[in-house]
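Trainee: For the sequence shown, the UniProt record's numbering puts the final residue at 266, and the numbers step up evenly by one.
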Amino acid sequence: MPYADNKGVKVYYETWGSGGVPIVFLHPWSTNGYIWYFQLFHFAQTNTCLTVDHRGHGRSDKPAGGYSIQEHASDVAAVMDAAKIDKAVVVGNSIGGMIAMQFCLARPERVLGLVIQSSGTALAEGLPKEVMDAMIRDRDATFNQLLEGTVSARTKRERPEILDLARASFMLESNWPRHVFDSAIKDPNGVFNWNIKHRLKDIKRPTLVLAGEEDQATPVAANKFLADNIPDAKLNVLKDIGHFYQLEQPAAFNATLDEFLKSIAR
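#1: Anyone know if the C-beta pair for Leu-114 and Met-101 falls short of 8 Å?
#2: When you compare only the Cα positions, how much space is there between residue 268 and Phe-143?
#3: Are the beta-carbon atoms of Thr-48 and Gly-92 separated by less than 8 Å?
#4: Considering just the uninterrupted stretch of the beta strand (DSSP E) at Asn-6, what are its terminal residues?
#5: Given a threshold of 16 other Cβ atoms within 10 Å of its Cβ, counted over all protein chains shown, does Glu-14 qualify as buried or as exposed?
#6: DSSP three-state call for residue 267: helix, strand or coil?
#7: Verify whether the separation of the beta carbon atoms of Leu-112 and Asp-202 is less than 8 Å.
#8: Taking just the CA atoms, how far does Leu-127 sit from Leu-146?
#9: With which residues is Ile-116 paired in a DSSP beta bridge?
#10: Within the same chain, show all residues whose beta-carbon is closer than 6 Å to that of Trp-16, passing over the 5 residues directly before and after it, in chain order.
#11: Quick one, which of Glu-259, Ala-252, Leu-235, Ala-255 has its alpha-carbon nearest Ser-118's?
#12: Inspect the beta-carbon positions of Gly-65 and Ser-183 and report whether they are closer than 8 Å.
#13: Is the Cβ-Cβ distance between Ala-211 and Val-237 less than 8 Å?
#14: Residue range of the beta strand (DSSP E) that Leu-13 falls in?
#15: DSSP three-state label for Leu-147, please.
#16: Any heavy atom of the ligand SAM closer than 7 Å to the CB of Phe-253?
#17: Spatial neighbours of Ile-35 within its chain, please: C-beta separation below 6 Å, excluding the five flanking residues on both sides.
#18: Alpha carbon to alpha carbon, how far is Pro-177 from Ile-185?
#19: Out of His-198, Glu-214, Ala-141, state which residue places its alpha-carbon closest to the alpha-carbon of residue 272.
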């Protein structure tokens, strides 16, 4: 199985397809690279596609600490090196979007464009202190409640398996152990505390921000803030979508990404 080594941490990745504009897919917190399979079977027909299991997730190493967004971004560089991909369009969902933005700030020469889906920065500022405290005190109950707000009413009605999948990946200890959650939530540059509000203006690559109209995890306002502050970024607000556009309406997601790739190639 392919692994990249980043200062002793082994990061699992998969390469699908060849040719075209390379695409790097970065998954949400508590999931893994499998969440992109609807995209891989579509885009690997024409493009080189790379999925990453973030450190602490899936088949990657799960060290005791080191879960800052900066560390995650350095893993992306190591994976691209190992896969011999020089530049790519980077597509990130949730924490994956944060990692994509941080990677663009650190290594802009390796980014052709960004697709930031259901993401944000300084998320802790938008959460009441009691929610953060409850998450630390009783992760399973609080996170399960948060997951309820990650899919749209239509998805719950027509495709209930999407919420089941999100719950299962979160609950599977071998996929996302408790210590990874604890370390990330306490890290000053972890998923909730990472703050690049003052640096969004420095992201100077074509950027598309996708926001689910019914996403309660990273609401439209959090994504609009990104689009308003990243130069020339475009914002798409998506009806009947929550946090997981690529799963909730995969054909529509693929069409959206196809259009973005065409705009990059022009």
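Don't be surprised by glycine CBs; every beta carbon is placed ideally from N, CA and C.
Mentor: Well, looking at it:
#1: As a working mapping, residue 114 is identified with position 114 in the sequence shown. As a working mapping, residue 101 is identified with position 101 in the sequence shown. Yes, these two residues count as a Cβ contact at 8 Å.
#2: Absent from the structure is residue 268, since the part of the chain shown begins at 1 and ends at 266.
#3: Position 48 of the sequence shown, counted from the start, is the residue given in the question as residue 48. Position 92 of the sequence shown, counted from the start, is the residue given in the question as residue 92. No.
#4: Taking the first residue of the sequence shown as 1, we reach residue 6 at position 6. Its beta strand (DSSP E) spans residues 3-6.
#5: As a first step, residue 14 must be located in the sequence shown, where it is residue number 14. Burial call: buried.
#6: Residue 267 is absent from the structure shown; the chain starts at 1 and stops at 266.
#7: For this step, residue 112 is matched to residue 112 along the sequence shown. For this step, residue 202 is matched to residue 202 along the sequence shown. Cβ distance not < 8 Å, so Leu-112 and Asp-202 don't count as in contact.
#8: Translated into the one-based positions of the sequence shown, residue 146 becomes position 146. Translated into the one-based positions of the sequence shown, residue 127 becomes position 127. For Leu-146 and Leu-127, the distance between alpha carbons rounds to 11 Å.
#9: Mapped onto the sequence shown, residue 116 falls at position 116. In DSSP, Ile-116 forms a bridge with Gly-92, Val-209.
#10: Position 16 of the sequence shown, counted from the first residue, corresponds to residue 16. Excluding positions up to five away in sequence, the list reads Leu-40, Ala-44, Cys-49.
#11: For this step, residue 118 is matched to residue 118 along the sequence shown. Comparing Cα positions, the closest option is Leu-235.
#12: By 1-based counting over the sequence shown, the position of residue 65 is 65. By 1-based counting over the sequence shown, the position of residue 183 is 183. A contact, by the Cβ cut-off of 8 Å.
#13: Locating residue 211 in the sequence shown gives position 211, where the first residue counts as 1. Locating residue 237 in the sequence shown gives position 237, where the first residue counts as 1. A contact, by the Cβ cut-off of 8 Å.
#14: As a first step, residue 13 is located in the sequence shown; it is residue number 13 there, counting from the start. Residue identity differs from the one stated: residue 13 is Tyr in this sequence, not Leu. It spans 9-16 - the beta strand (DSSP E) in which Tyr-13 sits, taken as one unbroken run.
#15: Here residue 147 refers to the residue found at position 147 of the sequence shown. Correct three-state label for Leu-147: helix.
#16: This structure simply doesn't include the ligand SAM, nor any ligand for that matter.
#17: Locating residue 35 in the sequence shown gives position 35, counting from the first residue. Excluding sequence neighbours, Ile-35 sits near His-27.
#18: Taking the sequence shown and counting its residues from 1, the one referred to as residue 177 is at position 177. Taking the sequence shown and counting its residues from 1, the one referred to as residue 185 is at position 185. Cα-Cα distance, rounded: 13 Å.
#19: Here the chain covers residues 1 to 266 and nothing more, so residue 272 does not appear.
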